[in-house]
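Structure first, then comments.
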Amino acid sequence: MQLDQLKALAAIVDHGTFEAAAASLHVTPSAISQRIRALEDGLGQIILRRTTPATPTEAGAILLRTARAFALLESQARESLGLDGAGRYPLKVAVNADSLATWFAPVLAEAATWDETTLHLEVEDQDHSLDLLSRGEVVATITGHGRPVAGCRVELLGAMRYLPAAAPHLRDAWRRGRGVDWARMPMVRFNGKDDLQDAYLRSRGITQAPPAGQIPSSQAFVEAIRVGLGWGLVPEGQLGSLLTRGELVRLSRDHVDVPLYWHVLRLDSPRLHRLTAAVHRAARPLRRTS
């Protein structure tokens, strides 16, 4: 395999089509096609699904991770040699929405001081973001899984604590003895991948979920709970003064701790080392003792 072939692969995945990839690399679509065809012929495997957008096959995902690593190392080498065209290297990172809305903000502040690097964030559920790393679409990710990906390091960051909360009038409408009617009280999910509330209900022996709204925004999710659309598990860091002001109430004294892990390409890269250090500093609130 050759570097220009790997660059072509990464450009196609990043831009979705052969034509857009060609434009980004300032070559013809025919040249892009020839590079991919030569790479596939040399490997004896298909590396791209010719869909719109194009997506890597399992073999293509392995090569795509390699392409990301080569691109990062090439950028650093050009910068170290003082060559023109080094530019700002885009670090593609997957972050779950709740982290982005709470503890991850200091990472953005640190990244604002980096002259040669930019952050390109992909927002994905913590239970699914590892797929983006496995497919080579990002160089690092925050996930809820500790299983390692080939060619990557995995480090425990801590755990996000979620509290079951609702608007006071919703709780009062669904009171049942000293608690609430969990089986019938409406709830809110973040999106179709969000299983947090359902898992919490299952832990209480409830297998049939009640009616649920869907709000795919961390801020709007909390607002929907505040106005009474349903109950939900809210990150402790987002509750702020809502509890003290009485706009939200806890529905029980228990909580759910969701472990978070940092997965990053296993490279001796100053950019990745600096990013990893920034993430660990920002994640200090997650390392609770109780």
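If you read the sequence shown in the numbering used here, its first letter stands for residue 87, the second for the next number, and so on. Ideal Cβ placement from N, Cα and C applies to all residues, glycine included.
Per-residue DSSP class, three states only, for Q162: The sequence position of residue 162 within the sequence shown is 76, counting from 1. Correct three-state label for Q162: helix.
Per-residue burial, A198 [other beta carbons within 10 Å of its own, 16 or more giving buried]: Translated into the one-based positions of the sequence shown, residue 198 becomes position 112. Classification of A198: exposed, given that the 10 Å Cβ count is below 16.
Beta-carbon proximity check, R247 vs E322, cutoff 8 angstroms: Residue mapping note: residue 247 aligns to position 161 of the sequence shown, counting from 1. Residue mapping note: residue 322 aligns to position 236 of the sequence shown, counting from 1. Yes, these two residues count as a Cβ contact at 8 angstroms.
Proximity winner among P250, A253 and A364, relative to L205 (alpha-carbon distances): Counting from 1 along the sequence shown, the entry for residue 205 is found at position 119. Considering only alpha carbons, the answer is A364.
Any 3 or more C-beta pairs closer than 8 angstroms across the stretch 236–245 and the stretch 302–318: no
Alpha carbon of A226 to alpha carbon of W348, nearest angstrom: Residue mapping note: residue 226 aligns to position 140 of the sequence shown, counting from 1. Residue mapping note: residue 348 aligns to position 262 of the sequence shown, counting from 1. Rounded to the nearest angstrom, the two C-alpha atoms are 7 angstroms apart.
For I301, the residue or residues it bridges with in DSSP: Reading the sequence shown from its first residue, position 215 is the one you call residue 301. Bridge partners of I301: none, in fact.
Residue environment, T137, which counts as buried when at least 16 other CB atoms sit within 10 Å: Residue numbering aside, residue 137 sits at position 51 when the sequence shown is read from its first letter. Exposed.
H214 to T229 span [Cα, whole Å]: Here the question's residue 214 lines up with position 128 in the sequence shown. Here the question's residue 229 lines up with position 143 in the sequence shown. Each residue's Cα considered, the two are about 7 angstroms apart.
Cut-off 8 angstroms between Cβ atoms - residues of its own chain near T143, not counting five sequence neighbours on either side: Counted from its first residue, the sequence shown places residue 143 at position 57. If we look at T143 and ignore the five residues flanking it on each side, its Cβ neighbours are Q131, I132, I133, L134 and R135.
From S355, P371, R374 and L361, residue whose alpha carbon lies closest to that of V193: Against the sequence shown, residue 193 aligns to sequence position 107. It is L361 whose Cα lies nearest to the Cα of V193.
Given 8 angstroms, three or more beta-carbon pairs between the stretch 141–159 and the stretch 114–121: no
Inter-residue spacing [alpha-carbon to alpha-carbon] between R257 and D211: Start at 1 with the first residue of the sequence shown, and residue 257 comes out as number 171. Start at 1 with the first residue of the sequence shown, and residue 211 comes out as number 125. Spanning the two alpha carbons is a distance of roughly 28 angstroms.
For E208, the residue or residues it bridges with in DSSP: Here the question's residue 208 lines up with position 122 in the sequence shown. The partner list for E208 (beta bridge, DSSP) reads A180.
Counterpart residues of T241 in DSSP-defined beta bridges: Here residue 241 refers to the residue found at position 155 of the sequence shown. Correcting the residue identity first, residue 241 is Glu in this sequence and not Thr. For E241, which the question treats as bridged, DSSP gives the partners W348.
Exposure of A97, with buried meaning 16 or more beta-carbon neighbours within 10 Å: Within the sequence shown, numbered from 1, the residue matching residue 97 stands at position 11. So A97 counts as buried.
Pick from T103, P254 and L95 that is closest to R34, judged by C-alpha positions: As shown, the chain starts at 87 and ends at 376. That puts residue 34 outside it, with no answer to give.
6 angstroms Cβ shell around H231 - same chain, five flanking residues per side excluded: Reading the sequence shown from its first residue, position 145 is the one you call residue 231. Cβ neighbours of H231 beyond the five flanking positions: L216.
Cβ shell of A369 (< 7 angstroms), same chain only, five flanking positions each side left out: As a working mapping, residue 369 is identified with position 283 in the sequence shown. Closer than 7 angstroms at the Cβ level, and outside the excluded window around A369, lie W189, L243 and G244.
Same chain, Cβ closer than 6 angstroms to L219, neighbours up to 5 away in sequence not counted: Taking the sequence shown and counting its residues from 1, the one referred to as residue 219 is at position 133. T227, V235 and H349, listed in sequence order.
Separation of D90 from S185, as counted between CA atoms: Working through the sequence shown from its first residue, we reach residue 185 at position 99. Working through the sequence shown from its first residue, we reach residue 90 at position 4. Cα-Cα distance, rounded: 36 angstroms.
Inter-residue CB distance, L95 and L150 (contact presumed, cutoff 8 angstroms): Position 9 of the sequence shown, counted from the start, is the residue given in the question as residue 95. Position 64 of the sequence shown, counted from the start, is the residue given in the question as residue 150. Rounded, the Cβ-Cβ distance is 6 angstroms, consistent with contact.
Proximal residues to A295 (C-beta, below 8 angstroms), its chain only, five neighbours per side dropped: Numbered from 1 along the sequence shown, position 209 holds the residue referred to as residue 295. These residues qualify, in order along the chain: M273, Q283, D284 and L287.
Coarse secondary structure for A369, derived from DSSP in three states: By 1-based counting over the sequence shown, the position of residue 369 is 283. A369 falls in the coil class under three-state DSSP.
Supposed contact pair A140 and L129 - C-beta distance, whole angstroms, cut 8 angstroms: Within the sequence shown, residue 129 is the residue found at index 43, counting from 1. Within the sequence shown, residue 140 is the residue found at index 54, counting from 1. Wrong, their Cβ atoms sit about 17 angstroms apart, outside the cutoff.
Proximity of A147 and G265 at Cβ, strictly below 8 angstroms: Within the sequence shown, residue 147 is the residue found at index 61, counting from 1. Within the sequence shown, residue 265 is the residue found at index 179, counting from 1. Not closer than 8 angstroms, so no.
Cα-Cα separation between D267 and I301, rounded to whole angstroms: On the sequence shown, residue 267 is found 181 positions in, with the first residue counted as 1. On the sequence shown, residue 301 is found 215 positions in, with the first residue counted as 1. Taking the straight line from one Cα to the other gives about 22 angstroms.
Span of the beta strand (DSSP E), counted from its first residue to its last, around V320: Within the sequence shown, numbered from 1, the residue matching residue 320 stands at position 234. Here the beta strand (DSSP E) through V320 covers G318 to P321.
Expected contact under 8 angstroms - CB spacing of L319 and V342 to nearest Å: In the sequence shown, the residue the question calls residue 319 occupies position 233. In the sequence shown, the residue the question calls residue 342 occupies position 256. Confirmed, Cβ separation roughly 6 angstroms.
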